[in-house]
Amino acid sequence: MMSPVARRVLLVRGLRAFGDGFVSLLLPAYLITLGFGPLQVGAIATCTLLGSGVMTLAVGMNARRFQYRSLLLAAAVVMSATGLGFSLSVFLPLEHAVLAHVVEDRQRTALFARYSLIGALVGALGALAAGIPELAARALQTDIKVLLQAMFALYGCLGIASAVIYRKMPADLATEAQIPPEPLNKSRKIVYTLAALFSIDAFGGGFIVQSLLALWLFERFELSIRTAATIFFWTGVLSAFSYLLAVRISKRIGLVNTMVFTHLPANVFLILIPFLPTLAWVIVLLLLRSVLSQMDVPTRSSYVMAVVTPSERAAAASMTAVPRSLASSASPFLAGYLLSVSAFGWPLIIGGAIKIVYDVLLLAMFRRVRPPEEAESRGRSKQSS
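Read left to right, the sequence shown gives residues 1021 to 1405 (our numbering).
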């Protein structure tokens, strides 16, 4: 039976994902209506991600001094006040640490998959909702800017709802789990190594954050917001169901192998996309990529929580999330510059190539570092043979 704490975390994940889904598409569209170019859109994305990384670092370094609930409430307030919570990675390390505390090792990957599944499915609905302002503007014959601003206000309301839900959680989640959070100690080396690898992946991913991928589609194929929303809805749905598949695959071949052998072909698809002559083929590869590209999300989160001691989980989640945020903050500006020079799609090629380097390094360095449940299973197999 799922813990009440876990249910609240999953509920907030859904609310936040719905807002993320429409804001990540509407932000570049809104900035374009204000006269911003690709370079300026990339610069704004860089600044928001950089700020997110700094905040996440502060949370990770001080998580042991505050209640998890207080930090989650603060993040929800910032989300409601700015309307830019999609760029705030502060939630992730805190929520990951909470989920890892309230679940057994054997159920951990399944719970993280459910967390990611809810985020992807509801995020897909949010992406579909991004088409509402365009439809409403035509029906009401009003300025689309006003409707776009209303969607940002809706995002703020979702932040308020998140704060209300977190307000009802136990005051001290660490006490409930009997394990007070501590700074990194025993697991420092492995966490720093993972953080360095994840930052490589994130730097590559920053070239293709959803807002910039949408911008590329707007520039290359002159897509409407409604069409882009439909495309991202289906990519989100496929990604969501891939999380469930990731759990089954990881039980057979292990977490690290699942992360690498699904991520690698997805990045090859990404590199091929700019070379395709028609929108139809681009959509096909985007859909194929979405089936594979996100399987590493629940497995990566589960792996980090598995290879550190329980008391270090909050610090580990933050210290692996921060480099991702900081590394990904530089590449949107570069991607914006590349798109301002050419609509060919160089950010997709560069991003895919960098992410392939990450895949190879991760496999080489961590294929023998197994989480407890895999080590136990391997030990039982040896005994039976």
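Don't be surprised by glycine CBs; every beta carbon is placed ideally from N, CA and C.
Fair warning: this is a prediction, and the values are worked out from it, not measured in the lab.
With a 10 Å radius around the Cβ and a threshold of 16 neighbouring Cβ atoms, P1048 comes out buried.
Runs of the alpha helix (DSSP H) spanning 4 or more residues and lying entirely within the region 1308–1390 occur at 1316–1326, 1333–1361 and 1366–1386, in chain order. Within the same chain, and ignoring the five residues on either side of A1363 in sequence, the residues whose Cβ sits closer than 8 Å to its Cβ are W1236, E1239 and R1240.
Residue nearest to D1379 within the set L1354, M1315 and R1333 is M1315 (criterion: CA-CA distance).
With a 10 Å radius around the Cβ and a threshold of 16 neighbouring Cβ atoms, A1300 comes out exposed. Here P1391 is near V1327, since their CB atoms are less than 7 Å apart.
Relative to the Cα of S1100, the nearest Cα in the group L1148, L1069, F1172 and K1206 belongs to F1172. Assignment of F1223 by DSSP, reduced to helix, strand and coil, places it in the helix class. Taking C-alpha positions only, R1320 is separated from T1162 by approximately 45 Å.
Exclusion of the five residues before and after G1225 leaves S1348, G1371 and K1375 as the residues of its chain whose Cβ lies within less than 7 Å of its Cβ.
About 5 Å separates the CB atoms of L1296 and V1302; that is less than 8 Å, so the two are in contact.
Judged by beta-carbon spacing, L1346 lies within the 7 Å limit of G1073, meaning their Cβ atoms are closer than that value.
One alpha carbon belongs to L1243, the other to A1249, and they sit about 10 Å apart.
Minimum Cα-Cα distance from V1029 among the listed residues S1219, I1251, I1185 and S1331 corresponds to I1185. Selection E1396, A1215 and G1256 evaluated against V1311 yields G1256 as nearest (Cα-Cα). With fewer than 16 neighbouring CB atoms inside 10 Å of its own CB, A1395 falls in the exposed class. In this structure, G1365 and I1293 form a Cβ contact; the two beta carbons are roughly 6 Å apart against a cut-off of 8 Å. Per the coordinates, the alpha-carbon of M1075 lies some 12 Å from the alpha-carbon of M1339. DSSP places L1296 outside any alpha helix (DSSP H), giving it a letter other than H or E. Take F1218, set aside five residues on each side of it, and the residues of its chain with a beta-carbon closer than 7 Å to its own are T1340, P1343 and R1344, in chain order.
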